[in-house]
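Just so you know, we're using this note's numbering here: the sequence shown kicks off at 22 and counts up by one.
Just so you know, even glycine gets a beta-carbon here, dropped at the ideal spot from N, CA and C.
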Amino acid sequence: MILPVFPIQLLGLPFLTPKVYISSIVVFLSHRLTKMLKTARFVITLALVVCLPALIGLGWWQRDYLMGWYLTDQLLKAEPQYKSHYIDALAKLGENAQYPLLDHLEKATDASAPDLTKALGKMFDAWGGAPSPLSQQCFHHLARRFTSFSAPAQTQTIELLASISENSPPPNPLTNDFLEGTKLILGSLPEANNPAALVPAMKIVSQLIKTNTDKELHSRLAGIMAKAITDAPVNIKIQAIHLAIAPEVGLTELSIAALQDKNVEVRKVAILACASAIESVSVDSLLPSLHDSDSEIRAYCESALIARGLNKEHLQLGKLLTDPRASKRLEVLDSLMDDTELDQSLWLRKLSHDSSPAVRVAALRMMSLQEIPDLHDRIDQMSRSDPSKTVSDLAAFYLKSNKLKPVNYEALGNSGNK
């Protein structure tokens, strides 16, 4: 057997047996390991001496955060009769206890979200309410993270805001200490695709819309009303329409979207709201309701249009113009040819904006045959921007064949682009 050369061999000391050789190796390694272990102990001891106080200090500094995580976790696991104990304990912690609550709101469920927002509300009260700098700082963090919250958490957050708005003494915190955060939260709500959150949001709108003087906040409130009219539950849609037509609010035009709602009761409220709003709701907005499946709504619409000065012929044309069938809308052209006293320019211009290319082509042909100068700008516009290439090419052909000059919109100040 070939044995490796070790320092003892270099000294010229003979090895009589393999056992002696192995023993020598063990002695040598033990000597080296003893030095290594002494060095390792020193390093470990030094690390403990230096790092342990730092770790203890870090834990003490973050004690509220760590205790907040523990209490929040226990709150979510606790039986209903014990939840108030953990909510009260969280409210007594320092400012760092807010972060575990905000973190949990990102994944909150229908069951956990109410407990988390209740704890936040208790925390605001413990810190001195809305005027407290700690409450304002926490609300700022809450507003910035609102879009990352789960849908149930967003709904419960809005419930918390509504409760603060309703129960706080004047001035209202949402328009004072919490104003910027309120605008941030309410501004993001219409894009959140969370119909359930519109229910508590309309509470806030009802409380603020008539007295608020901040233009940006008023715009946010109007946006929520518009979203509620189209996406909220039926009772909230009706509430939003009634609020929109209030004289102090003056946003009746938001009700136009509800004229085509699936629910007949919503449409009835909407037609009654829009009927008398002569300045904010146009005749064109009312005309589609002449085809409503509900006879009562059709009667309301017809009465409203007659009150606005439309005669029997205008009502018939309006009904044809807004008929869902393109073949019926084309009959407007027959009526125009039969009754020369009608304003052909007005009705042809309306038909030229029809959704059907076939109707637009028919209107374009009739416009090209009429010697009505104020239709030339519309033909020119159709040649430039009609979504159908067939229609735009035909309009360009009529411009050339009739030698109509393209309209200079810059000289007209774009007034012809209608």
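- The Cβ-Cβ distance between residue 347 and residue 385 does not fall below 8 Å.
- Looking only at 372, 332, 317, the smallest Cα-Cα distance to residue 344 is reached by 372.
- Within the model, the alpha-carbon separation for residue 163 versus residue 140 is close to 13 Å.
- Taking the Cα of residue 288 as reference, the smallest distance to any Cα among 312, 272, 89 is reached at 312.
- The distance from the Cβ of residue 195 to that of residue 186 is about 5 Å, consistent with a contact at the 8 Å cut-off.
- For residue 113, the closest C-alpha among the options 102, 98, 146 is that of 146.
- Across the structure, residue 264 and residue 291 are spaced so that their CA atoms are roughly 12 Å apart.
- A Cβ-Cβ separation of about 5 Å places residue 226 in contact with residue 245 under the 8 Å criterion.
- Looking at 132, 197, 397, 107, the one whose alpha-carbon comes closest to that of residue 91 is 107.
- Taken in chain order, no unbroken stretch of beta strand (DSSP E) lies wholly in the segment 209–277 with a span of 3 residues or more.
- In the structure shown, the three-state DSSP call for residue 202 is helix.
- If you check the CB distance, residue 250 and residue 275 come in under 8 Å.
- Secondary structure of residue 374 (DSSP, three-state): coil.
- In this structure, residue 412 places its C-beta atom within 8 Å of the C-beta atom of residue 381.
- With contacts defined as CB atoms closer than 8 Å, residue 338 and residue 324 fail to qualify as a contacting pair.
- Here residue 374 is exposed: its Cβ has fewer than 16 other Cβ atoms, across all protein chains shown, within 10 Å.
- In this structure, residue 175 sits away from residue 135, with a CB-CB distance that is not shorter than 8 Å.
- Residue 411: member of the alpha helix (DSSP H) spanning 410–422, first to last residue.
- Boundaries of the alpha helix (DSSP H) harbouring residue 291: 285–296, taken from the DSSP string.
- Within the segment 292–354, the complete alpha helix (DSSP H) runs of at least 4 residues fall at 304–307, 316–328, 333–342, 347–350.
- As the crow flies, the alpha-carbon of residue 314 is around 21 Å from that of residue 335.
- Here the alpha carbons of residue 202 and residue 239 stand approximately 14 Å from one another.
- The Cβ-Cβ distance between residue 321 and residue 298 does not fall below 8 Å.
- Minimum Cα-Cα distance from residue 267 among the listed residues 281, 231, 395, 150 corresponds to 231.
- Sequence-distant Cβ neighbours of residue 304 in its own chain, meaning closer than 8 Å and more than five residues away, are 326, 329, 331, 339.
- Around the Cβ of residue 167, a 10 Å sphere holds 16 or more other Cβ atoms; the residue is buried.
- Between residue 341 and residue 309, the gap from beta carbon to beta carbon reaches 8 Å or more.
- Runs of alpha helix (DSSP H) with 4 or more residues, each lying fully within the segment 130–204, are found at 134–147, 154–165, 172–188, listed in chain order.
- For residue 110, the enclosing alpha helix (DSSP H) has its first and last residue at 104–112.
- Per DSSP, residue 101 is not a residue of any alpha helix (DSSP H), being assigned neither H nor E.
- Taken atom to atom, the span from the alpha-carbon of residue 367 to that of residue 130 is near 56 Å.
- Boundaries for residue 281: no alpha helix (DSSP H) harbours it, and the DSSP string shows neither H nor E there.
- The Cβ neighbour count for residue 273, taken over all protein chains shown within 10 Å, is at least 16; the residue is labelled buried.
- In this structure, DSSP gives residue 391 a state outside helix and strand, which the three-state scheme calls coil.
- Under the three-state reduction of DSSP output, residue 361 falls in the coil class, being neither helix nor strand.
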